[in-house]
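Peer 1: Here it is, the structure, as structure tokens.
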Amino acid sequence: MLRNEAKQVLRVTLMIHGGAGAGGPDLDRAQRPGCFSALKAGWDVLLAGGSAVDAVVASVAVLEDDPGFNAGVGSVLTSAGGVEMDASIMDGSDLRAGAVALLRETRNPVRLARALLVDGRHVFMAGPAADEYARQHGVPTCAPEDFVTPQQRQRWQDAASGAGGTVGAVAVDRNGHTAAATSTGGMDGKQPGRIGDSAVIGAGTYADDRLGAGSATGTGEEIIRLNLVCAVLGSMRHGGDPANAVPRVVPLLRSVGGTGGMIAVDRFGRFAYAHNTPHMSVGWMRTDLDAPVVVL
Ligand code: GLY
325 MLRNEAKQVL RVTLMIHGGA GAGGPDLDRA QRPGCFSALK AGWDVLLAGG SAVDAVVASV
385 AVLEDDPGFN AGVGSVLTSA GGVEMDASIM DGSDLRAGAV ALLRETRNPV RLARALLVDG
445 RHVFMAGPAA DEYARQHGVP TCAPEDFVTP QQRQRWQDAA SGAGGTVGAV AVDRNGHTAA
505 ATSTGGMDGK QPGRIGDSAV IGAGTYADDR LGAGSATGTG EEIIRLNLVC AVLGSMRHGG
565 DPANAVPRVV PLLRSVGGTG GMIAVDRFGR FAYAHNTPHM SVGWMRTDLD APVVVL
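And the structure:
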């Protein structure tokens, strides 16, 4: 153990985000209930002794089912008017990972990412073959139209920018194992076939028990170019506190023209978030707290 870790005790921790962006007056109504529900779903898993991986899946799946977020139901539309979703997950205990992109029919992209992680043969699948893999492996699917909400259809018709945000979760379980997951509909009006950081292990999602776990949100091209989550976790390599690393690295996004933010936790349950946007939805729960916290 490093000298600056000697006094740390393990605190079981869950942190979620619902995206970084402009914010606005309707956000509280649209996202607060979903943030609390996502925290409850993941925290119930951790309280029952479940793994960090199961906790982040539970939290992210709740956010994917909530039309107040840009993931799963409520995803923004491509320039062609369809939904194409990306997601990824990583287990910090053994570096297993699963990533999926360009999904049109998989009900919960995070569950398909997890199925890939468990299968272990491949890390990254995309497109119709990935949706087909879901069908073959018992991951629920639905019609592409089921993801399109009237609000997102209207925004697309008006060429207005989308609401909601990429979602993600990070966790530390009672065994000190870490995990991270991220899910998104991507960027508003994106070119069909475009894949963002949420499907890229290292950029949008990463977990390694020796470092911690992180999940990003924002403009995917710049997050990929900076390999953002790995850059932050790498700077925690020698026992660094996320509270120092996250606010130091996230502003670098601006230097490549990007906007966004991220959440991160280390293996003891120290956590932090930062963003260079006016707003970011975040929430957390930890064993030393009486109740979950949501900041919108
Ligand atoms: N951060 C989500 C995306 O760029 O697709």
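All residue numbers for the sequence shown refer to this note's numbering, where the first residue is 325 and numbers rise by one.
The beta-carbon is built from N, C-alpha and C at its ideal position, and this holds for glycine as well.
Below 8 Å on the Cβ atoms is my contact criterion, and I expect residue 588 with residue 472 to pass it. Report the Cβ-Cβ distance as a whole number of Å.
Peer 2: Between residue 472 and residue 588 the Cβ distance is about 32 Å, and since that is not below 8 Å, they are no contact.
Peer 1: Between residue 517 and residue 405, what straight-line distance do the alpha-carbon atoms span, to the nearest angstrom?
Peer 2: Those two C-alpha atoms are separated by around 13 Å.
Peer 1: In whole angstroms, what separates the C-alpha of residue 470 from that of residue 602?
Peer 2: Distance between the alpha carbons of residue 470 and residue 602: 31 Å.
Peer 1: Under 6 Å from any heavy atom of the ligand GLY, does the C-beta of residue 521 make it?
Peer 2: Yes, since a heavy atom of the ligand GLY falls inside the 6 Å radius drawn around the Cβ of residue 521.
Peer 1: With a CB to CB cut of under 6 Å and the five nearest residues on each side skipped, what residues in its chain are close to residue 402?
Peer 2: Correct list, in chain order: 408, 514 and 516.
Peer 1: Please state the DSSP three-state secondary structure of residue 553.
Peer 2: Here residue 553 sits in helix by DSSP.
Peer 1: Distance check for residue 451 and residue 341, CA to CA, integer angstroms please.
Peer 2: One C-alpha to the other measures close to 26 Å.
Peer 1: Quick one, which of 480, 553 and 605 has its alpha-carbon nearest residue 359's?
Peer 2: The residue with the shortest Cα to Cα distance from residue 359 is 605.
Peer 1: Thinking residue 382 and residue 366 are a contact (beta carbons under 8 Å), I'd like their distance in whole angstroms, please.
Peer 2: That belief holds up - the Cβ atoms of residue 382 and residue 366 are roughly 5 Å apart, short of 8 Å.
Peer 1: Residue range of the alpha helix (DSSP H) that residue 579 falls in?
Peer 2: Looking at the DSSP string, the run of the alpha helix (DSSP H) that includes residue 579 is 576 to 579.
Peer 1: When the distance is taken between beta carbons, is residue 507 closer than 7 Å to residue 395?
Peer 2: Going by C-beta atoms, residue 395 is nearer than 7 Å to residue 507.
Peer 1: Taking 6 Å as the cut-off, does the CB of residue 544 come closer than this to any heavy atom belonging to the ligand GLY?
Peer 2: It does: the Cβ of residue 544 is within 6 Å (strictly closer) of some heavy atom of the ligand GLY.
Peer 1: Would you call the CB atoms of residue 552 and residue 527 closer than 7 Å?
Peer 2: Yes, the Cβ-Cβ distance between residue 552 and residue 527 is below 7 Å.
Peer 1: When you compare each of 584, 533 and 578 to residue 560 by their alpha carbons, which one comes out closest?
Peer 2: Per the Cα distances, 533.
Peer 1: Is the separation between the beta-carbon of residue 503 and that of residue 540 shorter than 7 Å?
Peer 2: In this structure, residue 540 does not lie closer than 7 Å to residue 503 by Cβ.
Peer 1: Count the other C-beta atoms from every protein chain shown that fall within 10 angstroms of the C-beta of residue 579, then say buried if there are 16 or more, exposed otherwise.
Peer 2: Its Cβ having fewer than 16 others within 10 Å, residue 579 is exposed.
Peer 1: In three-state terms, what does DSSP make of residue 371?
Peer 2: In the structure shown, residue 371 sits in a helix (DSSP, three-state: H, G or I).
Peer 1: Applying the 10 Å Cβ sphere with the 16-neighbour rule, what's the burial state of residue 524?
Peer 2: With 16 or more other Cβ atoms within 10 Å, it is buried.
Peer 1: If you draw a straight line from the alpha carbon of residue 411 to that of residue 483, how long is it in whole angstroms?
Peer 2: Going by the C-alpha atoms only, they are around 25 Å apart.
Peer 1: Of the choices 581, 576 and 590, whose alpha-carbon is the least far from that of residue 563?
Peer 2: Residue 563 has its Cα closest to that of 590, out of 581, 576 and 590.
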